[in-house]
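A.B. asks: Our numbering puts the sequence shown at residues 826 to 945. Every residue gets a Cβ at the ideal spot worked out from N, C-alpha and C, and that includes glycine.
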Amino acid sequence: MATYITAGVTTITPRLVDGYESEREGGTIVHPILGRREPDVTLRPAGLDAGKLVLLFDVEADALTARNALSAAGVFRLVSDERTIGMYFVVPEGERLSFRLNDDTRDDWVVEVPFREVTP
Numbered sequence: 826m827a828t829y830i831t832a833g834v835t836t837i838t839p840r841l842v843d844g845y846e847s848e849r850e851g852g853t854i855v856h857p858i859l860g861r862r863e864p865d866v867t868l869r870p871a872g873l874d875a876g877k878l879v880l881l882f883d884v885e886a887d888a889l890t891a892r893n894a895l896s897a898a899g900v901f902r903l904v905s906d907e908r909t910i911g912m913y914f915v916v917p918e919g920e921r922l923s924f925r926l927n928d929d930t931r932d933d934w935v936v937e938v939p940f941r942e943v944t945p
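#1: Tell me which residue opens and which closes the alpha helix (DSSP H) that T890 is part of.
#2: Since F914 contacts F882 with CB under 8 Å, what's their CB separation in whole angstroms?
#3: Please confirm if the stretch 848 to 858 is in contact with the stretch 898 to 910, defined as three or more CB-CB distances below 8 Å between the two stretches.
#4: Take V842 as the anchor and find which of P864, R862, V935 has the nearest alpha-carbon.
#5: Which word fits R949, buried or exposed, when buried means at least 16 other C-beta atoms lie within 10 angstroms of its C-beta?
#6: Helix, strand or coil for R921? Go by DSSP, reduced to three states.
#7: In whole angstroms, give me the CA-to-CA distance for L889 and L922.
#8: With distances taken Cα to Cα, identify the nearest neighbour of V879 among P945, T835, D887, P839.
#9: Going by C-alpha to C-alpha distance, which of G833, E937, L873 sits closest to N927?
#10: Rounded to the nearest angstrom, how far is the Cβ of E907 from that of T835, given a contact under 8 Å?
#11: Looking only at C-alpha atoms, which of R925, M912, V916, G844 sits nearest to T944?
#12: Since I believe E942 is in contact with A894 (beta carbons under 8 Å), could you give me their beta-carbon distance rounded to a whole number of angstroms?
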């Protein structure tokens, strides 16, 4: 099964997830109090992940199709039986999807996708 991304009837199947990085913002609010050494805190859960996926394709047309599909408005579902990176995500406003020839092989195509995890 490997890894694939779906949105509606569209399915994107990269040969490889060549990179994945994510960050998560903490949610607890720290309130400094004048005249006290210790702050008050408001406990809240951390946010969902945000980061970047790097997808590798054998064929230029497949990579371009993937970038165009991921440029559409929608919620995408990432499924992988190889990694624990499955999630629903959107591409955030102001972020850029990149499309390039792999510098190392000069044969593979790379699509970099910024993501923000969402709850389905």
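C.D. replies: Reading off the structure:
#1: In the sequence shown, counting from the first residue as 1, residue 890 sits at position 65. Annotation for T890: the continuous alpha helix (DSSP H) segment containing it runs 885 to 896.
#2: Taking the sequence shown and counting its residues from 1, the one referred to as residue 914 is at position 89. Taking the sequence shown and counting its residues from 1, the one referred to as residue 882 is at position 57. In this structure F914 does not touch F882 by the C-beta definition: roughly 19 Å separates them, more than the 8 Å allowed.
#3: Not touching, per the Cβ criterion.
#4: As a working mapping, residue 842 is identified with position 17 in the sequence shown. Among P864, R862, V935, the Cα nearest to that of V842 belongs to V935.
#5: Past the boundaries of the shown model lies residue 949; the chain is included only from 826 to 945, so the question cannot be answered.
#6: Walking along the sequence shown from the start, residue 921 turns up at place 96. The answer is coil: DSSP assigns R921 none of H, G, I, E or B.
#7: If you number the sequence shown from 1, residue 889 lands on position 64. If you number the sequence shown from 1, residue 922 lands on position 97. So the two alpha carbons sit approximately 11 Å from each other.
#8: Locating residue 879 in the sequence shown gives position 54, counting from the first residue. Looking at P945, T835, D887, P839, the one whose alpha-carbon comes closest to that of V879 is P839.
#9: In the sequence shown, the residue the question calls residue 927 occupies position 102. The residue from G833, E937, L873 with its alpha-carbon nearest to that of N927 is E937.
#10: As a first step, residue 907 is located in the sequence shown; it is residue number 82 there, counting from the start. As a first step, residue 835 is located in the sequence shown; it is residue number 10 there, counting from the start. About 21 Å separates the beta carbons of E907 and T835, which is beyond the 8 Å limit, so they are not a contact pair.
#11: Reading the sequence shown from its first residue, position 119 is the one you call residue 944. Closest in alpha carbon position to T944, among R925, M912, V916, G844, is M912.
#12: Position 69 of the sequence shown, counting from 1, holds the residue named residue 894. Position 117 of the sequence shown, counting from 1, holds the residue named residue 942. Between A894 and E942 a beta carbon distance of about 19 Å is seen, past the 8 Å cut, so the two are scored as non-contacting.
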